[in-house]
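Below is one structure, written out as C-alpha cells, with a few remarks after it.
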Amino acid sequence: MLYYLSAGILKTLTYRKKELWRVNNSIEIIHTGMAPRAIGPYSQGVKAGPFIFISGQIPVNPQTGELVKGDIRAHTRQVLENLRAVVSEAGCTMQDVVKTTIFLKNMDDFNVVNEVYAEYFPVNPPARACIEVSGLPKDVGVEIEAIVYRRVND
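Numbering follows the working numbering, with no gaps: position 29 of the sequence shown is 253.
Here you go:
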C-alpha cells in the first residue's frame with residue numbers, strides 16, 4: 225500500500241512540475257510600433273498563460289515619441305488608443321480587458337476621464353481602480369494599465 229501511495233505522490237509531483245514548466249514557458253513579450261516605446265526597462269505587455277498584462281500607457285504619440293497636445297480629454301483618448309494598440313497586438317480586443325488601473329495626478333479630472341473611458345468600454349466595462357498620485361512619468365496627468373484575459377482556446 226505504501227508503494228502505491230508513494231507512486232501516486234510522485235506522479236502528482238511530476239504532473240505539477242510539468243504544469244509549472246508549461247506556465248513558465250508560455251510567457252511572451254508583446255511589442256507593437258503602434259504604441260509608444262517603453263521609456264524604461266519594461267515591456268509594453270507580457271502574455272502569461274491566458275492573461276496579458278499591459279504596462280501603464282501615457283499620452284505619447286507612438287509615431288513621434290512626443291506628448292500629445294491638449295487637455296485631459298485628449299490625453300486620456302491617446303492613452304486608451306495606446307492601450308488598444310497593445311491589446312490588439314496580443315490578439316485581443318478592448319472587450320477582453322478585465323481590469324484597469326487609472327493613475328491621475330489630479331482627481332478633479334475624474335469625470336472627464338470617465339467620459340472618455342466610457343467610449344472605449346461602452347458595455348460590460350472591466351473592473352477598475354482609480355488612484356490619485358503625486359506624479360507620473362513625463363509629468364503627465366493620466367496613466368492607465370490593464371489586465372486582459374484571452375481564452376485559452378483562442
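Just so it is clear, CB atoms sit at the ideal spot from N, CA and C, and this is done for glycine as well. Predicted model only: the values in this text are computed from it and were never measured.
Report the three-state DSSP secondary structure of E305 (helix, strand or coil).
Note: E305 maps to helix in three-state DSSP.
Beta carbon of V372 nearer than 7 Å to that of V311
The Cβ atoms of V372 and V311 sit closer than 7 Å to each other.
Looking at C-beta atoms only, is the number of pairs between the segment 331–342 and the segment 273–284 that lie closer than 8 Å three or more?
They do not touch, by the three-pair rule.
Close-in-space but distant-in-sequence residues of the same chain around A272 (CB under 6 Å, 5 per side omitted)
Within the same chain, A272 has close Cβ partners I251.
In three-state DSSP terms, what is T325?
In the three-state reduction of the DSSP assignment, T325 falls in the strand class, which pools E and B.
Would E369 pass as a contact of T300 if the rule is Cβ separation under 7 Å?
Taking 7 Å as the cut-off, the beta carbon of E369 is found no closer than this to the beta carbon of T300.
Mapping the DSSP letters down to three states, classify V247 as helix, strand or coil.
Low confidence applies here, because V247 scores a pLDDT of 49, under 50, leaving its location unreliable and the question unanswered by this model.
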